[in-house]
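Q:
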Amino acid sequence: MSSLDTSCRTARGPLPAAPALTRARPLVIGLVLAVALLPMLLYPLGISGDYPNHLARVWIEHRLAASDALRENFVVDWGIYPDLAMDLFTRPLMALTDPYTAGALFNVLAVAMLPLGVALLSRVTTGRVGLPVAASALLLYGKPLAWGFINFVFTAGLALCLFALWVRMRPGWPRTALFILLMPVLFFSHVLGFLLFGYLMLAYEIGRFAAGERGRLTAFLRGLFLRDGLTAILPLALFAASLRDRLSGLETEISGFGGLASRGQALVAPFDFDNGIAAVLVLAGCYLTLLVAFRRGWLTLTPALRPVFWASVALVLVVPAAFSGISFLHIRFGAIPAAILLGGATLTPAGRARALPLGAVLIGLLAVQQVVVHERMSFLDRAQSEVRAAVSVLPEGARVLVGADEVTPFVYRMNHAPAFAVIEADGYVANLFTNTSPVGVTERAQPLHRPQAWPLSAEELAEGARRAPSTSEAPNGIHDDYFHGWPRTFDALVWFITPGGTLPDETHLREIERHETFRLYAVARGTE
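Rendered as structure tokens:
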């Protein structure tokens, strides 16, 4: 009989652990998690994708008042933006240290939040921080982190921590009052973290009602909606109030389930740090080991988390790939089912007898993952450091275009690296992702602004050079013709190049930096 489906084994709590295993448990868990977090410390610019964009926006918030160059192009208009985890935590650090160190510290914290949530959940549901928590190290390096969704990474872990707190506290007004205060923090960190917490909480409460712990149906519904539901009122009201401004800056036609292939991506995503083969190996090894351990009674899952686990599996299978302009939703929640399993798992006496072989499997899987992570993060750290150093030679306030001979997976990851010009030169990049942020652009810069723009091709650059600068207005702030007349409106071009790839027409350009993966050009005035 599966231990996933057996509540009687854990109804009276786990048996006492062997003394040696009890003493070693904190050391083992701490050592595994320290090894797993090491790449975050060694390669501070090893996270690409959206991360440089987030860091540049926080820098603008921090430095705008002191920089005339930034004020020419950017404005900060604080409002209801439910995607501000990095803004809230990193901006104060920038007053104490440089922006890159501040960002790196936040990244370590963001990645550590998920295993912290698993550990807290283990403590409140099993009475101890169990050895299975160590396996949460396998959930740290997935697509959300690889793609630089750092606000979501932080907030998903925070949601798990707060869910553990919800489970720990007894139902009643003290719990409701505390969470009324905590939910706005979760909401402003990232709205998807707030929704994740609400989903897990609802699954847990329904499960407790089904187990007979919440009284009659009427009493349960009254407590759920008239007491516990109060925790969601303020965040939902804030979200509704933000929709008008938020939707105008998003391409809301981007929606869709994504098809069967997207479900496969969703399952692999928590283990996929830009290496599909290694991700499938770690996925298979992790879940097969858990399946065998539960089926053979080496692990048991606390009954209170059974409905939460199955609800989290359903979430991964049904969440759309994109909705209302928010892309890649399907790859964000894949780590949650495993996190719930590990947080609620307890080694039985039979499992403790097999702790060494189970640990050996974990070490093997972690080694496979860490080889990939170290290789990938060291490569991206070098590549982004080169871009950072290159754009540091630009004059203050330089306006930077981004182009590429081909949009390869590498270029896709590096598309926002030129945003380091904002930090290094108080510069401007046309594709800065400002439409879910208090950072916006000035009226003067508006025609040159296209959030999330893909790198320009050589053909687009040639066409733009022949055109007059854009003077049109775009109600949603998205100017697809932002590059028209670029020899008169921009100061530099970062051009990503593949081996043997083509370079742009240099009629209007003067090369100032040459690297293996990119060129940096200054725009040559007076050549048009």
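Under the numbering used here, the first residue of the sequence shown carries the number 173, and numbering increases by one thereafter. Even for Gly, the Cβ is constructed at its ideal location relative to N, Cα and C. Because the structure is a prediction, the values reported are computed rather than measured.
With respect to 7 Å, is the separation between the Cβ of valine 485 and the closest non-hydrogen atom of the ligand SAH below this value?
A: What this structure holds is no ligand at all, so the ligand SAH is not there to describe.
Q: Return helix, strand or coil for valine 565, following the three-state DSSP convention.
A: It is coil, neither helix nor strand.
Q: State yes or no: is the C-beta of alanine 309 within less than 8 Å of the C-beta of glycine 365?
A: Not a contact, by the Cβ cut-off of 8 Å.
Q: Within this structure, are the beta carbons of asparagine 603 and alanine 625 separated by less than 8 Å?
A: Taking 8 Å as the Cβ cut-off, asparagine 603 and alanine 625 qualify as a contacting pair.
Q: Cβ of aspartate 444 within 8 Å of Cβ of glycine 314?
A: In contact: aspartate 444 and glycine 314 (Cβ atoms closer than 8 Å).
Q: For isoleucine 595, which of Leu455, Leu432, Arg616, Ala274 has the nearest alpha-carbon?
A: Checked all of Leu455, Leu432, Arg616, Ala274; the closest Cα to isoleucine 595 is Ala274.
Q: Using a Cβ-Cβ cut-off of 7 Å (strictly less than) and excluding sequence neighbours within five positions of asparagine 225, which residues of its own chain qualify?
A: So the list reads His588, Ala591, Leu604, Phe605, once near-sequence residues are dropped.
Q: Apart from the five residues on each side of it in sequence, which residues of its chain come closer than 7 Å, Cβ to Cβ, to threonine 262?
A: Val230, Ala274, Gly275, Phe278, listed in sequence order.
Q: Which residues in the same chain as tyrosine 693 place their Cβ atom closer than 7 Å to its Cβ, once the five residues preceding and following it in sequence are excluded?
A: Excluding sequence neighbours, tyrosine 693 sits near Ala664, Leu665, Trp667, Leu681, Arg682, Glu683, Ile684.
Q: Ignore the nearest five residues each way along the sequence and tell me which others in arginine 342's own chain have a CB closer than 7 Å to its CB.
A: Here the set comprises nothing.
Q: Which word fits phenylalanine 397, buried or exposed, when buried means at least 16 other C-beta atoms lie within 10 angstroms of its C-beta?
A: Burial call: exposed.
Q: So which of Ala483, Ala511, Leu393 has the shortest CA-CA distance to leucine 292?
A: Minimum Cα distance to leucine 292 is reached at Ala511.
Q: Who are the Cβ neighbours of valine 290 in its own chain at under 6 Å, not counting the five residues just before and after it?
A: Only Val305, Ser308, Ala511, Leu514, Gly515 meet the Cβ criterion.
Q: State the Cα-Cα distance for the pair leucine 395 and leucine 334, rounded to the nearest angstrom.
A: The identity of residue 395 in the sequence shown is glycine, whereas the question assumes leucine. Between glycine 395 and leucine 334, the C-alpha separation is close to 19 Å.
Q: Should alanine 532 be labelled buried (16 or more other beta-carbon atoms within 10 Å of its own) or exposed?
A: Its Cβ having fewer than 16 others within 10 Å, alanine 532 is exposed.
Q: By the three-class DSSP mapping on this structure, what secondary structure does arginine 697 have?
A: The answer is coil: DSSP assigns arginine 697 none of H, G, I, E or B.
Q: Between proline 479 and glycine 379, what straight-line distance do the alpha-carbon atoms span, to the nearest angstrom?
A: In a straight line, the C-alpha of proline 479 is about 6 Å away from that of glycine 379.
Q: Label glutamate 425 either buried or exposed according to how many other C-beta atoms from any shown protein chain fall within 10 Å of its C-beta, with 16 as the threshold for buried.
A: With a pLDDT of 49 at glutamate 425, under the threshold of 50, the modelled position of this residue cannot be trusted; read the value that follows with caution. With fewer than 16 Cβ atoms within 10 Å of its Cβ, glutamate 425 is classed as exposed.
Q: Spatial neighbours of alanine 696 within its chain, please: CB distance less than 7 Å, with the 5 preceding and 5 following residues excluded, ordered by chain position.
A: His680, Leu681, Arg682, listed in sequence order.
Q: Under 8 Å by Cβ, that's how I've got histidine 621 and histidine 651 pegged, so tell me the actual separation to the nearest angstrom.
A: With 8 Å as the limit, histidine 621 and histidine 651 qualify as a contact, their Cβ atoms being about 6 Å apart.
Q: Considering only residues of the same chain and omitting the five flanking positions on each side of isoleucine 508, which have a CB-CB separation below 6 Å?
A: Ser484, listed in sequence order.
Q: Valine 280: which of Phe324, Pro216, Ala593, Pro659 sits nearest, CA to CA?
A: Of Phe324, Pro216, Ala593, Pro659, the residue nearest in Cα terms is Pro216.
Q: What's the call for leucine 353, buried or exposed, on a 16-neighbour Cβ count within 10 Å?
A: Burial call: exposed.
Q: Please go through the same chain and pick out, in chain order, the residues whose beta-carbon is closer than 7 Å to the beta-carbon of serine 434, but skip the five residues on each side of it.
A: Excluding residues within five positions, the ones whose Cβ falls inside 7 Å are Ala493, His502.
Q: Would proline 211 and valine 490 qualify as a contact pair, given that the criterion is a beta-carbon distance under 8 Å?
A: No; because the gap between Cβ atoms is not below 8 Å, this pair is not in contact.
Q: In angstroms with no decimal places, state the Cα-to-Cα distance between glutamate 688 and tryptophan 658.
A: Their backbone Cα atoms lie some 25 Å apart in a straight line.
Q: Determine the direct distance from the alpha carbon of tyrosine 584 to that of valine 440, and round the result to whole angstroms.
A: Rounded to the nearest angstrom, the two C-alpha atoms are 20 Å apart.
Q: What are the uninterrupted segments assigned as alpha helix (DSSP H) that are 4 or more residues long and contained completely in the segment 531–590, given in chain order?
A: The segment 531–590 contains these whole alpha helix (DSSP H) runs: 581–586.
Q: With distances taken Cα to Cα, identify the nearest neighbour of phenylalanine 351 among His362, Arg399, Phe326.
A: When each option's Cα is compared against that of phenylalanine 351, the closest is Arg399.
Q: Based on Cα-Cα distance, which residue from Thr461, Phe321, Val579 lies nearest to aspartate 222?
A: For aspartate 222, the nearest C-alpha among the options comes from Phe321.
Q: According to DSSP, simplified to helix, strand and coil, what is arginine 526?
A: Coil at arginine 526, not helix or strand.
Q: With a CB to CB cut of under 8 Å and the five nearest residues on each side skipped, what residues in its chain are close to alanine 522?
A: Closer than 8 Å at Cβ, skipping near neighbours: Arg468, Gly469, Trp470.
Q: Please name the residue in Ile219, Ser239, Pro581 whose C-alpha comes closest to that of valine 283.
A: It is Ile219.
Q: Hey, quick one: how far does the alpha helix (DSSP H) through tryptophan 231 stretch, first residue to last?
A: Per DSSP, tryptophan 231 belongs to the alpha helix (DSSP H) from 223–235.
Q: Cα separation between phenylalanine 690 and arginine 235?
A: Rounded to whole angstroms, phenylalanine 690 to arginine 235 spans 28 Å at the Cα level.
Q: With burial defined as no fewer than 16 other Cβ atoms inside 10 Å of the residue's Cβ, what is the status of proline 442: buried or exposed?
A: By the neighbour-count rule (16 or more Cβ atoms within 10 Å), proline 442 is buried.
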